[in-house]
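For reference, the structure discussed in these notes is given below.
There are 2 protein chains.
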Amino acid sequence: MDYQQAGVDLVNAEEAVKAISALVKSTYNPQVISDLGGFGGLFRLGDEGAPVLVATTDGVGTKTEVARVAGRWEGIGQDLVAMCLDDLVCTGARPLFFLDYIAVGKNEPSLIATLVASMATALKSANTALIGGEIAEHPGSMAPDQVDLAGFAVGLVDPATAIGPERVAAGDRIIGLPSPNLRSNGFSLVRAVYADLLSGVKDGRASTREHTLYEALIEPSVLYAPIMLEFVDRSLLHAASHTTGGGLVNNLARVIPEGLSAVIDPNAWRWPSIFTQLMEDGAISLDEMRRTFNLGVGMALVVAPTHVTTVLGSYPGAVEIGHVLEGDERARWS
Amino acid sequence: MDYQQAGVDLVNAEEAVKAISALVKSTYNPQVISDLGGFGGLFRLGDEGAPVLVATTDGVGTKTEVARVAGRWEGIGQDLVAMCLDDLVCTGARPLFFLDYIAVGKNEPSLIATLVASMATALKSANTALIGGEIAEHPGSMAPDQVDLAGFAVGLVDPATAIGPERVAAGDRIIGLPSPNLRSNGFSLVRAVYADLLSGVKDGRASTREHTLYEALIEPSVLYAPIMLEFVDRSLLHAASHTTGGGLVNNLARVIPEGLSAVIDPNAWRWPSIFTQLMEDGAISLDEMRRTFNLGVGMALVVAPTHVTTVLGSYPGAVEIGHVLEGDERARWS
Chain A
1 MDYQQAGVDL VNAEEAVKAI SALVKSTYNP QVISDLGGFG GLFRLGDEGA
51 PVLVATTDGV GTKTEVARVA GRWEGIGQDL VAMCLDDLVC TGARPLFFLD
101 YIAVGKNEPS LIATLVASMA TALKSANTAL IGGEIAEHPG SMAPDQVDLA
151 GFAVGLVDPA TAIGPERVAA GDRIIGLPSP NLRSNGFSLV RAVYADLLSG
201 VKDGRASTRE HTLYEALIEP SVLYAPIMLE FVDRSLLHAA SHTTGGGLVN
251 NLARVIPEGL SAVIDPNAWR WPSIFTQLME DGAISLDEMR RTFNLGVGMA
301 LVVAPTHVTT VLGSYPGAVE IGHVLEGDER ARWS
Chain B
1 MDYQQAGVDL VNAEEAVKAI SALVKSTYNP QVISDLGGFG GLFRLGDEGA
51 PVLVATTDGV GTKTEVARVA GRWEGIGQDL VAMCLDDLVC TGARPLFFLD
101 YIAVGKNEPS LIATLVASMA TALKSANTAL IGGEIAEHPG SMAPDQVDLA
151 GFAVGLVDPA TAIGPERVAA GDRIIGLPSP NLRSNGFSLV RAVYADLLSG
201 VKDGRASTRE HTLYEALIEP SVLYAPIMLE FVDRSLLHAA SHTTGGGLVN
251 NLARVIPEGL SAVIDPNAWR WPSIFTQLME DGAISLDEMR RTFNLGVGMA
301 LVVAPTHVTT VLGSYPGAVE IGHVLEGDER ARWS
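If you read the protein sequences in the order shown, they are chains A and B.
Here the first sequence is numbered in full-length UniProt numbering, starting from 1 and rising by one per residue.
Here the second sequence is numbered in full-length UniProt numbering, starting from 1 and rising by one per residue.
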């Protein structure tokens, strides 16, 4: 089983990005300093050196479909916040505010409250205000209990303390922050692999073992934003990459400049059991696992050698997973 | 036929907003100066008097389902931009940037390009940069040609030039900016009324008259942001309300302060024919028409009597539709 067979077309995704690139750039003005592909869009609030607004948007994919199976919506708001804020902090920005878009087949106030409560708790832990949102009821085009979520986050960064490719140097080390679960990526593949399991959970046929697996799948994402803000305040980071669609190495490549290669040692940590089980149950190739899931590293940090011990000691489970060399691959597995 | 019968539950919608109000407010900090119900969330970039960021989010509802019937996606991007930017300018803010979230059953690069081209053209006319976006492919949970859109806009306003309820005074006049079509509101009701028409368009059975009706339904929203920015620059407005869900009077009420009533004269303008036809074809009550559709006024401006002639002369089709009195109704039909 792979992502293509599960209905997610990565070739088309790349083509779509190519198709819109010129259209998007046609809207730019001199205040826009981002390009496609970064972890956030950057908009300068004035002349060079002025503070920069950073904006991100993301959804939780079809993890909502897995939540829907057993009506387990408690963690999905946190997933949405993590998807957006953990992208934002990869620029060094401090998040200011967040807005949510909730599309539902039927507007059930208790469901909306559950979703927003989870968002609010996650946002408060990162001092981020929820200042707006839209609840869109789509009768007929969505099933009554179907939900789709999108989030939007805006932060502010002083160019002097921004992190990113321009700070990365040969000799830097890569540290991984642990993710015990899938976060919010790869769920179309998960649904294809576990179609039987999910219907079993729904109609009560699932075994205890299957219920345990379902619990692991639906666990909310770790929110890295709070610790990331602390690292940024203490000037401990050169760059950071949030492991989302594409996997660890492809996301890390986005913050490694030309002329350097980040090399990741796959033996530096053990995969959380959900990933080994998924690989086995779905007969998924190692390559496919690597480009679809975080495999236990939800955030990769690029730090100077002098800061490795400090960073490792500041977050339980943080582990050194690689280093930066001269090279032309941006990022690769060793 | 009414909105409730079409599956949109306005009572639940109100309850959902009540249910999340305390949760949302629990995330606020002293920089948040908005409250629920305004046209945008407001976040102050510093101490009192500092510039204020304004953020809005909205979708296009199930107008995408009407677009899907005949594969007519050319105008939907503009609808999305209009829904977000025309809310934003009701605060007096100048839009800075926009992000889009596109959920699709299958990622078709040419469809994505059509959607983004329409957004980009609309955004350029309001000097707004498209700095980010997410394309979410949801195989299985959405039909291959199904699309949902959400947008997110951020602008900046100087508190000294902000518009809103605090500027409105008894004696002010209300001017309507014309909308020849439904913009992006009321489409769940439209789909219920015209289910047969829409399937006829899809399978080629529709008559020429039916095709004309379909064309009117799918027409893109007028984008008021460019003229609104000109009005704000010339200090011609006290307040403004974008006619979205809830209709003209309910949206206008959001910018009228306690102690005043905006009175709208329903005879001041003629409904564009699409609305009379819809009322007839759907046997929709006048009350329901008024709280569901814009009825030809997509933006209502509150202006001082001295500026009425200038504003009327600055936009083709602008018409005086009411005035502000002492009273306790915020807004009503005369």
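All C-beta atoms in this analysis are idealised placements derived from N, C-alpha and C, irrespective of residue type, glycine included.
- Annotation: A/V60 to A/V69 spans about 16 Å, alpha carbon to alpha carbon.
- For the 8 Å CB-CB criterion, B/F231 and B/V324 do not form a contact.
- For A/A195, the uninterrupted alpha helix (DSSP H) segment begins and ends at A195 to D203.
- At a beta-carbon threshold of 8 Å, the residues of chain A lying near B/E134 are T57, D58, G59 and A150, ordered along the chain.
- Interface annotation, B/I112: in contact with chain A, CB-CB separation under 8 Å.
- The DSSP assignment places 173-178, 239-242, 260-264, 297-303 and 319-326 as complete runs of the beta strand (DSSP E) inside the UniProt domain "PurM-like C-terminal" (170-329) of chain A, in order along the chain (cut-off: 3 residues).
- Put simply, the region 293-310 of chain A touches the region 238-245 of chain A. At least three CB pairs are less than 8 Å apart.
- Put simply, of A/W73, A/E329 and A/A162 the residue whose alpha carbon is nearest the alpha carbon of A/R254 is A/E329.
- At least one C-beta of chain B is nearer than 8 Å to the C-beta of A/S188.
- In the DSSP assignment, A/R68 falls within the unbroken alpha helix (DSSP H) covering K63 to A70.
- With fewer than 16 other CB atoms across the displayed protein chains lying within 10 angstroms of its CB, B/R270 is exposed.
- Under the three-state reduction of DSSP output, A/E14 falls in the helix class.
- Between A/F97 and B/G49, the gap from beta carbon to beta carbon reaches 8 Å or more.
- For A/T292, the closest Cβ of chain B is not nearer than 8 Å.
- Contact between B/L260 and B/G327 holds, with the beta-carbon distance rounding to 6 Å and staying under 8 Å.
- For A/A55, the enclosing beta strand (DSSP E) covers residues V52 to G59.
- A direct Cα-Cα distance of roughly 8 Å separates A/N250 from A/R332.
- Assigned with DSSP and collapsed to three states, A/L123 falls in helix.
- Judged by DSSP in its simplified three-state form, A/L45 adopts coil rather than helix or strand.
- Residue pairing for A/R94: DSSP places it in a beta bridge opposite A/L156.
- Considering only beta carbons, the part of the UniProt domain "PurM-like C-terminal" (170-329) of chain A lying closer than 7 Å to chain B consists of S188 and R191, in chain order.
- Note: A/A103 is bridge-paired with A/A136 and A/D148 in the DSSP secondary-structure output.
- Against chain A, the beta carbon of B/P159 has no neighbour under 7 Å; the closest one sits roughly 16 Å away.
- Between A/L229 and A/S273, the alpha-carbon positions lie close to 29 Å from each other.
- Chain-ordered, the chain A residues with CB closer than 8 Å to the CB of B/T128 read T27.
- Taking 8 Å as the threshold, the shortest C-beta distance from B/T62 to chain A falls below it.
- Looking at the DSSP output, B/M1 bridges to nothing.
- What A/Q146 touches in chain B, judged by beta-carbon distance under 8 Å, is S141, going in chain order.
- Sequence-distant Cβ neighbours of A/G7 in its own chain, meaning closer than 8 Å and more than five residues away, are S188 and A192.
- When the beta-carbon positions are compared, A/G176 and A/V319 come within less than 8 Å of each other.
- B/M142 is bridged by DSSP to B/P139.
- For B/V32, the three-state secondary structure derived from DSSP is strand.
- With respect to the 8 Å criterion, A/L123 and A/L115 are not classified as neighbours on the basis of their beta carbons.
- Straight through space, the alpha carbons of B/V157 and B/S21 are spaced by roughly 25 Å.
- Taking all protein chains shown into account, B/R183 has 16 or more neighbouring C-beta atoms within 10 Å of its C-beta and is therefore buried.
- With a 10 Å radius around the Cβ and a threshold of 16 neighbouring Cβ atoms, B/P30 comes out exposed.
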